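For reference, the structure is listed below as structure tokens.
Residue numbers (full-length UniProt numbering), protein chains in the order written: chain L, 1 to 520; chain R, 1 to 405.
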């Protein structure tokens, strides 16, 4: 893309207004952007064009894509509930390649290392660019400037926003469904690839021109619950396997064994107790990953010790949250994605384990926002700067290696805590200025590291509540100095190219920062 | 021939916070630095600058230096490079020392030694954040946790750690090897402000004497006058039988520890959690240490997952008279401190005794009594210690007298 028209946005980053030939708005500040008009909508369908017996099955994904009118330059969406075990996105682009189409935009809710398969389709021109979070090899590929178009990364809520206000028009949505019927009703609580829920794909089902369900567990009509309703669906394809169950629920339920990270998690839990955030009827959200899981376990123990009950917890659910629900420590789990089989079981059996989607929980175009009703959320980050701005998408060397997930959306919680190690090997985590701003510092309240806790000066209330506490409260500058002392001075700045390889969207659709090409 | 390669450090996929260095001395061609580093983009320039500075320090003008770095901090890089230089015989007796990172005071004879955390002397990753978990003592271990082939590398790393690693108030301990290897350890590490030397597998008082002679020699050669204390570890049947003479063998002894892994093997028993097989030995250690006026310290609890077992084990050690316990994982520290903390009843009792003693002193009475009971000086001493421990364990405010009155 041409980089001659970069403008400085409200957080001081140079960003383009034209990306892949389309107009975008630079970040204006938190809660400063208000789009108007009417929401986007799919074309009007007519039931007489569909089989009266409700049987929408076609023989193959290739066949379905052909019938859906796949052609050059279209946008194809997939979802990531099957995580690193997903086979369907790869099958879709292999089929598209066979059909000889070019310049597709892939619009996944996230991509994983298993999707490195798409590199060959990026090379051959079948895919023009990816708009979605990239974890692993695809991120690396993009970082080195090899993608033809510019990537656009959005949060889970931001993806829904982009679909709803027409920023992204999906031509064909392909939805991997662990259980479906021939009419297209689908859920994810049963089947060998059961992943709990399909919330990310709901927008795709409602707004795409054409919707294809791909399943390896076809049951007779009606499949209930129908999280995806067949009325949105054009075609149903049965395949041998939609994913590898062992990789759908992988690794994320392992508590950290690192003594430093356990200490961080324990301090974060103690912090919410001492500040009075943890009290009867409170709510919290902890992300995936070892430290967050450990946080949830320490919170559970403190709740038991002090006789405190939560009204609801937000998932990413896992066995620890399920235990809390079943022991009566929380009334509800409001779940956006299930991380283990206990989560899937609970969602299947327990009506108080409610599935959510990015619209109900995070959406900018909703009439209210769950995320802002959550008392406390703990999230990860690769870097934080002295202004509390945080980065989750790139590493300190500039490489794009992680997605945004619901991270940006969660920043609207009443208190945002980032429990992070002060340094990783020799890489300081607190820096002068983050490589890529993913979240503005004004929404980030507390940094908990193994060597001390820094509270955003904006949160004087939290500082006041902790007077007399034994918790090690320090300034963020002190923490930065401590990290640099261990690591041997401040790091040199990585050399990055001028070329913009990816744009990072804020939750409202504005461009908050860009990722530049990594040079070797 | 220019082909001899001198290697130091560790490399491989699982290695973190460490590096591998290979030095190939050459007769011409200047310095060729071949660096691959996980932190190339952030610290590549600074690593190359360090290599050049060290080569200048050792007056090495022509060499290939290959480094595979997995995110080693500077004192680790320095240790590995120096180790390679010394293996190549190019050091000329010079030592490249990192600066001290914090003020180091004189060692203190009388302090709490409830927990001591072992850190393998060749694994920098475990060292960097060890002090934040605040055991009473941090042990840089040169003995059992270091493979025989890695002893030379570890000795230099431990020496650098004594200068560049934060201890944050934890007692600075080093476990040396058995003699004669231990003598080499002493020469390398002792000049760098060690508080306590842990002496493994002591069986006879003469061994302490041998170490003491070497320690006197090394310490007398230092510019700054400094003391060091000993904690002999008894790990055999013979050691147990000689426990008292060992405990009394040196004025530098501050504690006597037992190591049960080797001891149980030596007596031909299986080590169990309830520890009946070691009851005799542990009681002997407590008696010998107390008789010599030093602290008896219990062995490590080796199942890091079993927190309940650990707690029971510490309570048992406390009931036998031990003052401390070894740790092999930071998560064991807090449970150990909690278990050694005095109970509420013990604290209340100690408060009464201390107040009665202070009252008697004020009145100039020679005899302290509480109610109808006479109180002997050892009881008062013990009560004072209980109060100190209660304060240290956050169970009692420092100014408890004010709130008491």
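Beta carbons are placed, not taken as given, at the ideal position from N, Cα and C, and that holds for glycine.
On a predicted model such as this, the values are computed, not experimentally measured, just so you know.
*Taking the alpha-carbon positions, what's the residue 407(L) to residue 109(L) distance?*
Looking at the two C-alpha atoms, the distance is approximately 13 Å.
*Kindly indicate which residue of 100(L), 99(L), 146(L) has the alpha-carbon position closest to the one of residue 119(L).*
Residue 119(L) has its Cα closest to that of 146(L), out of 100(L), 99(L), 146(L).
*Taking residue 409(R) as the reference, give the member of 15(R), 311(R), 378(R), 23(R) with the closest Cα.*
Any property of residue 409(R) remains undetermined from this structure, which presents chain R solely from 1 to 405.
*So, is the C-beta of residue 9(R) closer than 8 Å to a C-beta in chain L?*
By this cut-off, residue 9(R) is not an interface position.
*So residue 521(L) is in the beta strand (DSSP E); what residue range does that whole segment cover?*
The structure shown has nothing for residue 521(L), since chain L only spans 1 to 520.
*Taking residue 372(L) as the reference, give the member of 400(L), 419(L), 314(L), 342(L) with the closest Cα.*
Comparing Cα positions, the closest option is 314(L).
*Tell me, please, whether the CB atom of residue 83(R) is closer than 8 Å to any CB atom in chain L?*
Not an interface residue.
*Give, in chain order, every residue of the segment 479-496 of chain L whose Cβ lies closer than 8 Å to some Cβ of chain R.*
Here the close residues are 485, 486, 487, 488, 489, 491, 492, 494, 495.
*Per DSSP, which one or two residues make a beta bridge with residue 327(R)?*
Looking at the DSSP assignment, residue 327(R) forms a beta bridge with 117(R).
*asked:* Counting only Cβ pairs nearer than 9 Å, list the residues of chain R close to residue 396(L).
replied: Listed along chain R, the residues sitting closer than 9 Å to residue 396(L) by beta-carbon distance are 39, 41, 42.
*Would you call the CB atoms of residue 200(R) and residue 175(R) closer than 8 Å?*
Yes, the pair counts as a contact, with Cβ atoms nearer than the cut-off.
_Among 248(L), 498(L), 473(L), the one whose alpha carbon lies nearest that of residue 268(L)_ = That would be 473(L), whose Cα lies nearest to the Cα of residue 268(L).
*asked:* Mapping the DSSP letters down to three states, classify residue 461(L) as helix, strand or coil.
replied: Reduced to three states, the DSSP call for residue 461(L) is helix.
*Could you list which residues in chain L have their beta carbon closer than 7 Å to that of residue 430(R), in chain order?*
Outside the displayed range of chain R (1 to 405) lies residue 430(R), so it cannot be described from this structure.
*Report yes or no: is there a C-beta of chain R within less than 8 Å of the C-beta of residue 498(L)?*
The C-beta of residue 498(L) comes no closer than 8 Å to any C-beta of chain R.
*What's the gap between the Cα of residue 81(R) and the Cα of residue 434(L)?*
Computed Cα separation, rounded: 32 Å.
*Spell out whether any CB of chain L is found under 8 Å from the CB atom of residue 33(R).*
Among the CB atoms of chain L, none fall inside 8 Å of the CB of residue 33(R).
*In the structure shown, what three-state DSSP assignment does residue 373(L) receive?*
Looking at residue 373(L) - three-state DSSP - the assignment turns out to be helix.
_Once DSSP output is grouped into helix, strand and coil, what is the label at residue 81(L)?_
The answer is coil: DSSP assigns residue 81(L) none of H, G, I, E or B.
*asked:* To be precise: take each residue of the segment 404-435 of chain L, compare its Cβ to all Cβ atoms of chain R, and keep it if any distance is under 9 Å. Which residues remain?
replied: Residues of the segment 404-435 of chain L with a C-beta atom less than 9 Å from some C-beta of chain R are 421, 422, 423, 424, 425, 426, 427, 428, listed in chain order.
*At 9 Å on the CB atoms, spell out the chain L contacts of residue 337(R), in chain order.*
Within chain L, not a single residue places a beta-carbon under 9 Å from that of residue 337(R); the smallest gap is close to 14 Å.
*Could you give the DSSP three-state label for residue 195(L): helix, strand or coil?*
Residue 195(L): coil per DSSP, three-state reduction.
*Boundaries of the beta strand (DSSP E) in which residue 343(L) is found, first to last residue*: Run containing residue 343(L): none in the beta strand (DSSP E); it sits in the alpha helix (DSSP H), 341-349.
*Can a CB atom of chain R be found closer than 8 Å to the CB of residue 62(L)?*
Not a single C-beta of chain R is nearer than 8 Å to the C-beta of residue 62(L).
*Contact set for residue 10(L): own chain, Cβ-Cβ below 8 Å, skip 5 residues either direction*: Closer than 8 Å at the Cβ level, and outside the excluded window around residue 10(L), lie 26, 27, 28, 29, 32.
_Quick check on the DSSP output: the alpha helix (DSSP H) that includes residue 407(L) runs from which residue to which?_
Looking at the DSSP string, the run of the alpha helix (DSSP H) that includes residue 407(L) is 407-410.
*Taking DSSP as the reference, what is the three-state secondary structure of residue 213(L)?*
Of the three classes helix, strand and coil, the one that applies to residue 213(L) here is strand, per DSSP.
*Residues of the segment 263-277 of chain L with Cβ closer than 8 Å to any Cβ of chain R, in chain order*: Legend: CB atoms of the segment 263-277 of chain L lying less than 8 Å from CB atoms of chain R belong to residues 263.
*Would you call the segment 222-231 of chain L and the segment 182-190 of chain L in contact, with 3 or more CB pairs under 8 Å?*
Touching, per the Cβ criterion.
*By DSSP, does residue 10(R) sit in helix, in strand, or in coil?*
Under the three-state reduction of DSSP output, residue 10(R) falls in the coil class, being neither helix nor strand.
_Under DSSP, the beta strand (DSSP E) around residue 374(R) begins and ends at which residues?_
It spans 373-375 - the beta strand (DSSP E) in which residue 374(R) sits, taken as one unbroken run.
*Which residues, taken in chain order from the segment 107-137 of chain R, show a beta carbon closer than 7 Å to some beta carbon of chain L?*
So the close ones are 128, 129, 132, 133.
*What residue ranges within the segment 14-87 of chain L form continuous alpha helix (DSSP H) runs of no fewer than 4 residues, ordered along the chain?*
Listed in chain order, they are 61-67.
*According to DSSP, is residue 309(R) helix, strand or coil?*
Looking at residue 309(R) - three-state DSSP - the assignment turns out to be helix.
_Of the residues 224(R), 242(R), 79(R), 217(R), the one placed nearest residue 164(R), counting alpha carbons only_ = Of the residues 224(R), 242(R), 79(R), 217(R), the one whose Cα lies closest to the Cα of residue 164(R) is 79(R).
*Using the C-alpha atoms, what's the distance from residue 471(L) back to residue 271(L)?*
Pairing residue 271(L) with residue 471(L), the inter-Cα distance amounts to about 8 Å.
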